[in-house]
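First the structure, in the form of structure tokens, and then the observations on it.
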Amino acid sequence: MNFLEELQNLDFNDIGRWPFLFRALFVGLFFVVATGGGFYYFVYNTQMPRLERARQEEQELRVSFEQKQKKAANFDAYKEQLAEIESSFGTMLRQLPGKTEIPNLLVDISQTGLAAGLQEELFQPMAEIKKDFYAEKSIKILLKGTYHEFGKFVSDIAALPRIVTLHDIEITRERSADKSVAGELILNVTAKTYRYLDEENETGNAG
């Protein structure tokens, strides 16, 4: 009787009577199946989600590390850029008038219009408005003149040593009694200047 015939004649209800070779093969096969099933249930099903989470965390850490590495590589450039920003900010602060300089600056703005050949119809400083770290001073101005004089006025305002900005610019033609005669041009504008709020000075003044 050959091996295949013996295998076909095996009685699964009486494994104890099998030849030793078949019993050993059956036990080995059972052990392999049981080990595989145990591995799948206790290791694969349980540990694979943890492995996936670990892989995801590794990827996130790798991305975070690369980003921090880039920042570290550019740290010197960031320091130089910060120094430039601080320098520019300091320069701008020096262009802001102090509280005691505001009256003189208002005179300078008024004189700028007159020096340009304009006729000043209105020069009305408004109440100071405090913002986060600076105060805003607005001046309503009404001037009469020509386009050329208006242009000189705007140019001279920009050349002032202190920061002054112009807003709500409106140019109209003056209405004359005689409609056949063209009236003068009128410039209606709001000039604004800004003052840095020094916390020590503000606290001292408040006390």
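Residue numbers (the numbering used here): 1250 to 1456. Beta carbons are placed, not taken as given, at the ideal position from N, Cα and C, and that holds for glycine.
The criterion of a C-beta distance shorter than 8 Å is not satisfied by Ile1378 and Ala1440. By a beta-carbon distance limit of 8 Å, Ala1365 contacts Lys1401. Their separation comes to about 4 Å. Setting aside the 5 residues that flank it on each side, Glu1369 is surrounded in the same chain by Ser1359, Gly1362, Leu1363, Leu1392, each with a C-beta closer than 7 Å to its C-beta; the list follows chain order.
Rounded to the nearest whole angstrom, the C-alpha separation of Gln1305 and Val1281 is 32 Å. Annotation: the continuous alpha helix (DSSP H) that includes Gly1400 extends over 1396-1407. A straight-line Cα-Cα distance of about 41 Å links Ile1351 and Phe1324. Under DSSP, Leu1434 forms a beta bridge with Gly1394, Arg1422.
Boundaries of the alpha helix (DSSP H) around Leu1354: 1351-1364. Between Ile1420 and Leu1446 the beta-carbon gap is near 34 Å, outside 8 Å, which marks them as no contact. A direct Cα-to-Cα measurement between Gly1347 and Ala1321 gives close to 40 Å.
By the Cβ neighbour-count rule, Phe1399 is buried, with 16 or more other Cβ atoms within 10 Å of its own. The residues Leu1409, in chain order, have a CB closer than 7 Å to that of Asp1357 in the same chain once the five nearest residues on each side in sequence are set aside. Straight across, the Cα-Cα distance linking Leu1310 with Leu1354 is about 57 Å.
Annotated three-state conformation of Lys1380 is coil, per DSSP. The alpha-carbon separation between Asp1417 and Glu1333 amounts to approximately 32 Å. Under the three-state reduction of DSSP output, Leu1371 falls in the strand class.
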